[in-house]
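One point on numbering: in this note's numbering, the residue at position 24 of the sequence shown is 25, and numbering is uninterrupted.
For each residue, glycine too, the CB sits at the ideal point set by N, CA and C.
Note that the structure is a prediction, hence the values are computed from the model and not measured.
These notes concern the structure reproduced below.
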Amino acid sequence: LLGIGVGVLVREYGKLSNLDKFYFSFPGELLMRMLKLIILPLIISSMITGVAALDSNISGKIGLRAVVYYFCTTVIAVILGIVLVVTIKPGVTQRASEIDRVGSTPEVSTVDAMLDLIRNMFPENLVQACFQQYKTKREKVEVTTVVDKNSSVFPEESITTATTAAASENKTQEYKIVGMYSNGINALGLIVFCLVFGMVIGKMGEKGQVLLDFFNALNEATMRIVQIIMWYMPIGIMFLIAGKIIEVEDWEIFRKLGLYMATVISGLAIHSGIILPLIYLIIVRKNPFRFAMGMAQALLTALMISSSSATLPVTFRCAEEKNLIDKRITRFVLPVGATINMDGTALYEAVAAVFIAQLNDLELGIGEIVTISVTATAASIGAAGVPQAGLVTMVIVLSAVGLPAEDVTLIIAVDWLLDRFRTMVNVLGDAFGTGVVEKLSKKELEQMDITSEVNIVNPFALETGMLDNDETEAKKSYINGGFSVDKSDTISFTQTSQF
């Protein structure tokens, strides 16, 4: 609230230049840099320690439960978004020509984007994956082929999109794929590596204990740094909000897209305030709103900085300290959720696609709506592995149903605001996921606790007890300089010795 007030006052009476606006936002920029700084050590240490602490069979079950939960909530979010946008029809009363376009449309191929997603899951350089993602780009190449009128020539490799025929030659336009790297953490690739690395360490036993202790210490040190950052967070958030309000130049766009924004925000509110709490209540049988209150600091952070990954340190702290979720669950589930669980993004993309169709007076049939649902779900799950995820995934959804991809520029102007709300929903979905998975995995966790207690307190407790009983029976059976041992529950035998 203080940030909003400061932003409005400075905007009205400050008359800042562009350079002054940049300097004004500096404290907020520092907060973002601090949070992004600890994303990398937090993801690596939490994933490795979380997976290594679990048995491979148990970690597989927990991972499957988490993925099923994420997938189901994402599908529900997409369906909810489509129902709302079809019912409210925010684009029927407007035309695309009435709305100012902002920015440019990225050139993207659905196939290339999906292949980039898979490539980023298996980075060729682990160090490079810490700060760059792999990305492919199509480049046009014009190939001239000489043709003999009395024979036919077929090029060995060609992807033809346009052909110009002449008397003696054909000009064929081909594409070649060029690989490059874009800035940004390859979170998906790191998670895949840490998942496998943690499982291997867990299987190594004592040999892997040194590595496990190192990553446990790294995780604890990172969380202590998070506590230090918390002291600065109120100041940083205030300047983040105020700076964003000052930067907005055209408030008229909010009036033009008001109904569209209301549709998206209504869907996000229903999903986060009714559907997710209801799922938590049915499975966990506890008050979901008390759980959500425990995540208040993480939700506020997500709303202000609009990044699930940057919010991850605060999400860990709230889930483990406020809601007392088992660390073996949070360390495994939360990094995965921050990467693939994008309920708010999926809902937003579904609403935006149908809204753009309504702006262009295009009637969508059942087939197109199903296609939007499937594509929005898949695009949101893979968003973290695609560079410039917001625009790219939106273009993929539009292209899937034949809508003009350039119309994505119609909604970019308000995307910065909606992004904050959908990020908050994404983080809340991750948090509820930890509670649900912990409840469903209760038996496995209790079994692990019993096993670990026996191993830690006295690794030979059971064997010692058996030996004590055997010695007692042996003493009772000592006769005439000999002894007789009888184990009725295993093997019965008698041995006598004379000295």
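Host alpha helix (DSSP H) of residue i (start-end)
{"i": "Pro289", "result": "289 to 295"}
{"i": "Thr410", "result": "Where Thr410 is concerned, there is no enclosing alpha helix (DSSP H), given that its DSSP letter is neither H nor E."}
{"i": "Gln228", "result": "210 to 248"}
{"i": "Val7", "result": "3 to 14"}
{"i": "Cys319", "result": "Taken as a continuous stretch (DSSP letters only), Cys319 belongs to no alpha helix (DSSP H), as it is neither H nor E."}
{"i": "Asp420", "result": "416 to 441"}
{"i": "Asp21", "result": "19 to 25"}
{"i": "Lys66", "result": "Correcting the residue type first, residue 66 is Arg in the shown sequence and not Lys. Looking at the DSSP string, the run of the alpha helix (DSSP H) that includes Arg66 is 57 to 89."}
{"i": "Leu41", "result": "40 to 53"}
{"i": "Leu282", "result": "277 to 285"}
{"i": "Leu196", "result": "188 to 205"}
{"i": "Leu260", "result": "259 to 271"}
Reference residue i, options the options, closest by Cα
{"i": "Arg332", "options": "Val398, Pro278, Glu439, Gln133", "result": "Glu439"}
{"i": "Phe27", "options": "Ser309, Ala339, Met239, Ile283", "result": "Met239"}
{"i": "Gly92", "options": "Thr264, Thr410, Arg291, Thr394", "result": "Thr264"}
{"i": "Pro336", "options": "Met234, Leu304, Phe194", "result": "Phe194"}
{"i": "Ala379", "options": "Gly368, Asp362, Thr346, Val409", "result": "Thr346"}
{"i": "Gly206", "options": "Asp344, Gly61, Asp56, Glu125", "result": "Asp56"}
{"i": "Gly29", "options": "Ile246, Val426, Ala299, Leu300", "result": "Ile246"}
{"i": "Gly268", "options": "Tyr14, Asp214, Leu419", "result": "Leu419"}
{"i": "Ala78", "options": "Ile373, Lys287, Asp408, Val415", "result": "Ile373"}
{"i": "Val7", "options": "Ile242, Ala406, Met262", "result": "Ile242"}
{"i": "Leu360", "options": "Ile412, Ile341, Ile44", "result": "Ile412"}
{"i": "Ser442", "options": "Met262, Ile178, Lys62", "result": "Lys62"}
{"i": "Ile271", "options": "Ile341, Met224, Ala299, Leu348", "result": "Leu348"}
{"i": "Thr376", "options": "Asp416, Lys141, Ala414, Val396", "result": "Val396"}
{"i": "Leu17", "options": "Ile230, Ile45, Gly244", "result": "Gly244"}
{"i": "Lys90", "options": "Arg286, Asn288, Leu260", "result": "Leu260"}
{"i": "Asp113", "options": "Lys177, Val128, Phe23", "result": "Lys177"}
{"i": "Asn19", "options": "Ile284, Glu248, Val415, Asp408", "result": "Glu248"}
{"i": "Glu175", "options": "Ile192, Leu313, Glu140, Ala299", "result": "Glu140"}
{"i": "Ala299", "options": "Thr312, Tyr14, Lys287", "result": "Thr312"}
{"i": "Val128", "options": "Asp344, Ala188, Met449", "result": "Ala188"}
{"i": "Leu304", "options": "Leu429, Gly64, Glu13", "result": "Leu429"}
{"i": "Ala339", "options": "Ile192, Arg12, Leu65", "result": "Ile192"}
{"i": "Arg225", "options": "Arg256, Val315, Leu213, Leu301", "result": "Val315"}
{"i": "Leu501", "options": "Ser60, Glu13, Leu41, Leu10", "result": "This structure leaves residue 501 out entirely; the chain is present only between 2 and 500."}
{"i": "Ile266", "options": "Gln210, Leu81, Ile357", "result": "Leu81"}
{"i": "Val211", "options": "Ile44, Ala53, Glu407, Leu10", "result": "Ala53"}
{"i": "Lys257", "options": "Met343, Ala414, Ile229", "result": "Ala414"}
{"i": "Ile1", "options": "Val285, Val76, Ile451", "result": "No answer is possible for residue 1: it lies beyond the span of the chain, which begins at 2 and ends at 500."}
{"i": "Thr302", "options": "Tyr24, Gly64, Ile230, Met262", "result": "Ile230"}
{"i": "Pro42", "options": "Arg12, Val334, Lys204, Thr223", "result": "Thr223"}
{"i": "Ile45", "options": "Thr410, Val334, Val409, Thr394", "result": "Val334"}
{"i": "Asn126", "options": "Arg286, Asp214, Gly190, Asp362", "result": "Gly190"}
{"i": "Met343", "options": "Gln228, Thr394, Ile330, Lys138", "result": "Thr394"}
Beta-bridge pairing of residue i - partner residues as DSSP gives them
{"i": "Tyr135", "result": "Tyr182"}
{"i": "Lys177", "result": "Glu140"}
Contact with chain B by residue i, beta-carbon distance below 8 Å
{"i": "Ile242", "result": "No chain B appears in this structure, which consists of one protein chain only."}
Check: residue i C-beta below 7 Å from any heavy atom of the ligand GDP
{"i": "Ala358", "result": "Of the ligands one can find in the structure shown there are none, so the ligand GDP has no counterpart to examine."}
Could you tell me whether the stretch 276 to 283 touches the stretch 399 to 414, using the rule of 3 or more Cβ pairs below 8 Å?
no
Pair every Cβ in the stretch 210 to 218 with every Cβ in the stretch 69 to 82, then say whether three or more of these pairs are closer than 8 Å.
no
Counting Cβ pairs, one atom from each stretch, are 3 or more of them under 8 Å apart for the stretch 32 to 51 and the stretch 187 to 203?
yes
Three or more C-beta pairs below 8 Å linking the stretch 220 to 239 and the stretch 29 to 37
yes
Quick check: the stretch 318 to 327 against the stretch 430 to 445, are there 3 or more CB pairs under 8 Å?
yes
Please confirm if the stretch 115 to 127 is in contact with the stretch 283 to 293, defined as three or more CB-CB distances below 8 Å between the two stretches.
no
Three or more C-beta pairs below 8 Å linking the stretch 305 to 314 and the stretch 421 to 430
yes
Okay, do the stretch 73 to 87 and the stretch 353 to 361 touch, 3+ Cβ pairs below 8 Å being the bar?
yes
Check whether the stretch 360 to 375 and the stretch 315 to 322 are in contact - that is, three or more C-beta pairs closer than 8 Å.
no
Where in the stretch 324 to 397 do unbroken runs of the alpha helix (DSSP H), each at least 4 residues long, occur, reported from the N-terminal end onward?
328 to 341, 344 to 360, 367 to 382
Is the stretch 178 to 191 close to the stretch 130 to 139, with three or more CB pairs under 8 Å?
yes
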